[in-house]
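Residue numbers (the numbering used here): 4 to 186.
Ideal Cβ positions, reconstructed from N, Cα and C, are used throughout, including at glycine.
Inspection log for the structure reproduced underneath, given as structure tokens.
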Amino acid sequence: MNRIKPRLAQTIAASLLILLATTATADNLSFPSTEAEIVNGLTPKLKPYLKRKGLGSPKGFDDIKSDALKVGALIHFDFDSATINKKSYPLLREYAKALKGGLAKAIIEIAGHTDNRGAEQYNKDLSKRRAQAVKDFLMLGYEIAANRLIIKGQGETRPIEPNTTETGRAKNRRVEFIRVGTL
Numbered sequence: 004m005n006r007i008k009p010r011l012a013q014t015i016a017a018s019l020l021i022l023l024a025t026t027a028t029a030d031n032l033s034f035p036s037t038e039a040e041i042v043n044g045l046t047p048k049l050k051p052y053l054k055r056k057g058l059g060s061p062k063g064f065d066d067i068k069s070d071a072l073k074v075g076a077l078i079h080f081d082f083d084s085a086t087i088n089k090k091s092y093p094l095l096r097e098y099a100k101a102l103k104g105g106l107a108k109a110i111i112e113i114a115g116h117t118d119n120r121g122a123e124q125y126n127k128d129l130s131k132r133r134a135q136a137v138k139d140f141l142m143l144g145y146e147i148a149a150n151r152l153i154i155k156g157q158g159e160t161r162p163i164e165p166n167t168t169e170t171g172r173a174k175n176r177r178v179e180f181i182r183v184g185t186l
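Encoded structure:
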């Protein structure tokens, strides 16, 4: 039986990762609610396999920005503000535990989103302020290092549900956590 050469195996593994990344869409965005689910959702799945096989990581593996490494969080904000509603604190505490535990070396982009009500530029600014509020919550309340948290405001540009119903608009008012690298 022929053994696959390590370089070829790494190339195949990298290709599989990219394929996984491109098949994840907004339609299958997960919304984890526990520390374990959050860690699982933001942990590359091929890396442990490659380690077990003694192949190491393909070059650039940790730097791939992938939809496969993205999870959503329905963080509630007061109307027309970037103030986090207290009913979202338990979920944010789970994210803090994950970032201090299994994701302690992860660099995370916090992307804020809005529904389509209001002016486009206003929504983009509001979504960025909301992402900043989440970053501040994690930094100030849980001492997550600022250099591990990057914020981005997406505004209304990436809905995951139609904005035709209140339920759809509520799902579009969210924050996503995207693993963009490792320290």
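Inset, instruction - Would you decide whether serine 130 is buried or exposed? Buried here means 16 or more other CB atoms lie within 10 Å of its CB. - result: In the sequence shown, counting from the first residue as 1, residue 130 sits at position 127. Per the 10 Å Cβ criterion, buried.
Legend entry - Where the beta strand (DSSP E) through lysine 155 begins and ends: Numbered from 1 along the sequence shown, position 152 holds the residue referred to as residue 155. First-last of the beta strand (DSSP E) with lysine 155: 152-158.
Legend entry - Where the alpha helix (DSSP H) through isoleucine 147 begins and ends: The sequence position of residue 147 within the sequence shown is 144, counting from 1. It is not in any alpha helix (DSSP H) - isoleucine 147 carries neither H nor E in the DSSP assignment.
Legend entry - asparagine 126 to asparagine 175 span [Cα, whole Å]: Mapped onto the sequence shown, residue 126 falls at position 123. Mapped onto the sequence shown, residue 175 falls at position 172. Taking the straight line joining both Cα atoms gives about 12 Å.
Inset, instruction - Return helix, strand or coil for serine 33, following the three-state DSSP convention. - result: Sequence index remark: in the sequence shown, residue 33 carries index 30 (1-based). The answer is strand: DSSP assigns serine 33 an E or B state.
Inset, instruction - Decide if glutamine 157 is buried, meaning its Cβ has at least 16 other Cβ atoms within 10 Å, or exposed. - result: Along the sequence shown, one-based indexing puts residue 157 at 154. By the 10 Å Cβ count, glutamine 157 comes out buried.
Legend entry - CB contact flag (alanine 134, lysine 155, <8 Å): Here residue 134 corresponds to residue number 131 of the sequence shown, with the count starting at 1. Here residue 155 corresponds to residue number 152 of the sequence shown, with the count starting at 1. Yes, they are a contact pair.
Legend entry - Complete runs of the alpha helix (DSSP H) confined to the region 95-153 [at least 4 residues]: 123-145
Legend entry - Beta-carbon proximity list for tyrosine 145, same chain, < 7 Å, skipping 5 on both sides: In the sequence shown, residue 145 corresponds to position 142, counting from 1. Here the set comprises Ala99 and Lys103.
Legend entry - Proximal residues to glutamate 97 (C-beta, below 7 Å), its chain only, five neighbours per side dropped: The count along the sequence shown starts at 1 and reaches residue 97 at position 94. Here the set comprises Ser36, Thr37, Glu38 and Ile41.
Legend entry - Residue environment, aspartate 118, which counts as buried when at least 16 other CB atoms sit within 10 Å: Here residue 118 is taken as the residue at index 115 of the sequence shown, counted from 1. By the 10 Å Cβ count, aspartate 118 comes out buried.
Inset, instruction - Return the chain-ordered list of same chain residues with a C-beta closer than 6 Å to the C-beta of methionine 142, the five sequence neighbours on each side being excluded. - result: Position 139 of the sequence shown, counted from the start, is the residue given in the question as residue 142. So the qualifying residues of the chain are Ala149.
Inset, instruction - Check whether the Cβ atoms of lysine 48 and glutamate 179 sit closer than 8 Å, and answer yes or no. - result: The sequence position of residue 48 within the sequence shown is 45, counting from 1. The sequence position of residue 179 within the sequence shown is 176, counting from 1. Going by C-beta atoms, lysine 48 is not nearer than 8 Å to glutamate 179.
Inset, instruction - Please confirm whether isoleucine 3 and arginine 161 have their CB atoms less than 8 Å apart. - result: Since the displayed the chain opens at 4 and closes at 186, residue 3 lies outside it and no answer follows.
Legend entry - Own chain partners of glycine 75 with C-beta closer than 6 Å, once the 5 adjacent residues on each side are dropped: Along the sequence shown, one-based indexing puts residue 75 at 72. Only Leu32, Phe34, Arg177 and Glu179 meet the Cβ criterion.
Inset, instruction - Following the continuous alpha helix (DSSP H) through glutamate 38, name the residue where it begins and the one where it ends. - result: Position 35 of the sequence shown, counted from the first residue, corresponds to residue 38. Here the alpha helix (DSSP H) through glutamate 38 covers 38-44.
Inset, instruction - Taking only the alpha-carbon atoms, compute the straight-line gap between glutamate 123 and glycine 115 and give it to the nearest angstrom. - result: Reading the sequence shown from its first residue, position 120 is the one you call residue 123. Reading the sequence shown from its first residue, position 112 is the one you call residue 115. Distance between the alpha carbons of glutamate 123 and glycine 115 is about 14 Å.
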